[in-house]
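For reference, the structure is listed below as structure tokens.
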Amino acid sequence: MRTSASVLHLDLDAFFASVEQRDKPSLRGKPVVVGGVGGRGVVATASYEARKYGVRSAMSTREARSRCPHAAFLTGRFHAYREASAIVMGLLRSVSPLVEPLSLDEAFVDLAAADLPDLELATCVAVAEDLRARVHEATGGLTASVGLGTSKFIAKVASDLDKPDGLTVVPPGTERDLLRPMLVTVIPGVGPATAERLRRAGIQTVADLELVDLEELVRLVGKAHGNGLFHLARAQDDRLVVAEREAKSVSVEGTYDTDLTDRKLMEGLLTRQAGEVAERLRKHGLSGRTVSIKVRLHDFTTLSRSSTLSSPTDSTATVARMARGLLADLDTSGGVRLLGVGVSGLADWIQEDLFGETTEEEVEPLPEVEVPSSRRRTWSPGMDVEHTTMGRGWVWGAGRGVVTVRFETAASASGPVRSYPDDDPELSAWRPADPDETAPAPPA
DNA sequence: TCTGGGGTCCTAGGACCC
DNA sequence: TCTGGGGTCCTAGGACCC
Numbered sequence: 001m002r003t004s005a006s007v008l009h010l011d012l013d014a015f016f017a018s019v020e021q022r023d024k025p026s027l028r029g030k031p032v033v034v035g036g037v038g039g040r041g042v043v044a045t046a047s048y049e050a051r052k053y054g055v056r057s058a059m060s061t062r063e064a065r066s067r068c069p070h071a072a073f074l075t076g077r078f079h080a081y082r083e084a085s086a087i088v089m090g091l092l093r094s095v096s097p098l099v100e101p102l103s104l105d106e107a108f109v110d111l112a113a114a115d116l117p118d119l120e121l122a123t124c125v126a127v128a129e130d131l132r133a134r135v136h137e138a139t140g141g142l143t144a145s146v147g148l149g150t151s152k153f154i155a156k157v158a159s160d161l162d163k164p165d166g167l168t169v170v171p172p173g174t175e176r177d178l179l180r181p182m183l184v185t186v187i188p189g190v191g192p193a194t195a196e197r198l199r200r201a202g203i204q205t206v207a208d209l210e211l212v213d214l215e216e217l218v219r220l221v222g223k224a225h226g227n228g229l230f231h232l233a234r235a236q237d238d239r240l241v242v243a244e245r246e247a248k249s250v251s252v253e254g255t256y257d258t259d260l261t262d263r264k265l266m267e268g269l270l271t272r273q274a275g276e277v278a279e280r281l282r283k284h285g286l287s288g289r290t291v292s293i294k295v296r297l298h299d300f301t302t303l304s305r306s307s308t309l310s311s312p313t314d315s316t317a318t319v320a321r322m323a324r325g326l327l328a329d330l331d332t333s334g335g336v337r338l339l340g341v342g343v344s345g346l347a348d349w350i351q352e353d354l355f356g357e358t359t360e361e362e363v364e365p366l367p368e369v370e371v372p373s374s375r376r377r378t379w380s381p382g383m384d385v386e387h388t389t390m391g392r393g394w395v396w397g398a399g400r401g402v403v404t405v406r407f408e409t410a411a412s413a414s415g416p417v418r419s420y421p422d423d424d425p426e427l428s429a430w431r432p433a434d435p436d437e438t439a440p441a442p443p444a
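Residue numbering for the first sequence follows full-length UniProt numbering, beginning at 1 and increasing consecutively.
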């Protein structure tokens, strides 16, 4: 443990919402909610004005709307957030070379690696106050809450104690007294599931936790977690501030406003996601051996399937084919609300291509991968054409890469509904030719 | 029509090798 | 003929974080 309060944690207050209020004066002083605005969206950030109404991060947007109907609901402008974040991270790096970003709005700074005359409390506090002022100025008015302590854990707890726009210092030696009355959920890694297990064992505060011996803790929550809790409960935290961390996986996923049932559509969406993942791999000079898909069913049960290649790939075609192959295994007849594709087992080198440039248009050979015979199956989609008798379809809804079309049939002007990826060539044939024509009313 | 998206880390079981 | 370990890799699921 260090003896000086030289770990600094900085957290930008209500970050996304604050950027929106900064850029749009009419939103200042008003409740602002940034997050998914679709039927299945959740809140990413609520401004302090919205929090007064009980709107919280991770709450469904539906609930946020019912709690605070007059709030502005925004989808978010990520490059504005990235830009503001880059300014702040730059300021932090001007203080110390050792900066560990945790997300766009949060970072640790190791003042022991900074060029300071000493690490006395007063010196660290002066640095922190100066930093807060500079963040405010350089970002056009964003505020930050800062904590200073002898470890990451303590600095992070501290930054939370005086929000928004505050600074909290935990003097060396006072850590355990600070933690004892707090709930176990202040400890990073203690979420709802762990808190409930501990509660059943009569453990609610850090003081309670301190009384439990290591063996008992490991029995309760497992080896790694138990060990971690044992030490954090005693404010023992040796984790270093690390500037560079290598990515371990790259993934893309999406939740759809209505459940998907069409396998062809699912394959189309997985193919598109595979393309985004592969593009990000290539952009960062990465490739990976393990391709995974994630499928969340209508009832929220979440399945994952993965398959590992003998050598890493960054090819759209390979990732897409593997993703579709993994889907073939799953029963999705009840409907799917989320699909995702990921690549892990990353290597930061790109495989030598013995045959020169390979373009994405070329069909690559099937990857070498062991497939259990029970899974060896070919999915041959193929549109059924029963809905096409009238030769007309109405674009019914669109969003998140999906276009829903209602078809007319010989029997009914308001026939079956099908959904397509919005770049599906089949789709263009199904847009109504005459833009003035009105679509039939939706069914009740 | 409760429940995002992009990640990390851990656990547990089975395969496989020595 | 019977009975081992340990280590590593892979897969699936779950908890957690911001």
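Quick reminder that beta carbons are idealized off the backbone N, C-alpha and C, glycines included. Owing to the predicted nature of the structure, the values given are computational and were not obtained by experimental measurement.
Residue i - DSSP class collapsed to helix/strand/coil
i           : result
residue 9   : strand
residue 328 : coil
residue 240 : coil
residue 3   : coil
residue 185 : helix
residue 373 : Note that residue 373 has pLDDT 30, beneath the 50 cutoff, so the model's placement of it is unreliable and the number below is only indicative. In this structure, residue 373 counts as helix in the three-state DSSP scheme.
residue 345 : strand
residue 219 : helix
residue 82  : helix
residue 35  : strand
residue 71  : coil
residue 41  : coil
residue 55  : coil
residue 400 : Note that residue 400 has pLDDT 42, beneath the 50 cutoff, so the model's placement of it is unreliable and no number is given.
residue 26  : helix
residue 340 : strand
Residue i: first and last residue of the uninterrupted beta strand (DSSP E) it sits in
i           : result
residue 147 : 144-149
residue 15  : Note, residue 15: premise wrong, no beta strand (DSSP E); alpha helix (DSSP H) at 15-23.
residue 64  : Note, residue 64: premise wrong, no beta strand (DSSP E); alpha helix (DSSP H) at 61-67.
residue 206 : Element bounds for residue 206: not the beta strand (DSSP E) but the alpha helix (DSSP H), 206-210.
residue 169 : 167-169
Beta-carbon gap between residue i and residue j smaller than 8 Å
i           : j           : result
residue 295 : residue 269 : no
residue 343 : residue 249 : yes
residue 169 : residue 184 : no
residue 217 : residue 187 : no
residue 46  : residue 55  : yes
residue 446 : residue 247 : No statement about residue 446 is possible, as the shown extent of the chain runs from 1 to 444 and does not include it.
residue 161 : residue 6   : no
residue 22  : residue 141 : yes
residue 233 : residue 196 : no
residue 10  : residue 107 : yes
residue 334 : residue 297 : yes
residue 289 : residue 254 : no
residue 125 : residue 91  : no
Residue span of the alpha helix (DSSP H) that contains residue i, given as start and end
i           : result
residue 230 : 223-233
residue 196 : 192-200
residue 177 : 175-179
residue 50  : 48-51
Neighbour-count burial assignment, residue i, 16 or more Cβ in a 10 Å radius
i           : result
residue 155 : buried
residue 224 : exposed
residue 237 : buried
residue 242 : exposed
residue 283 : exposed
residue 322 : buried
residue 16  : buried
residue 8   : buried
residue 78  : exposed
residue 85  : buried
residue 339 : buried
residue 357 : Because the pLDDT of residue 357 is 39, which lies under 50, any placement of that residue in the model is unreliable, and the question is left without a value.
residue 133 : exposed
residue 264 : buried
residue 31  : buried
residue 66  : exposed
residue 240 : exposed
Distance cut-off 7 Å: residue i Cβ against heavy atoms of the ligand ZN
i           : result
residue 290 : Among the components of this structure there are no ligands whatsoever, and the ligand ZN is therefore not found.
Checklist entry - What runs of the beta strand (DSSP E), each 3 residues or longer, lie entirely inside the region 94-163? => result 99-103, 106-110, 144-149
Next on the checklist: If we require 4 or more residues per run, which alpha helix (DSSP H) segments fall completely within the region 252-312?
Outcome noted: 263-283
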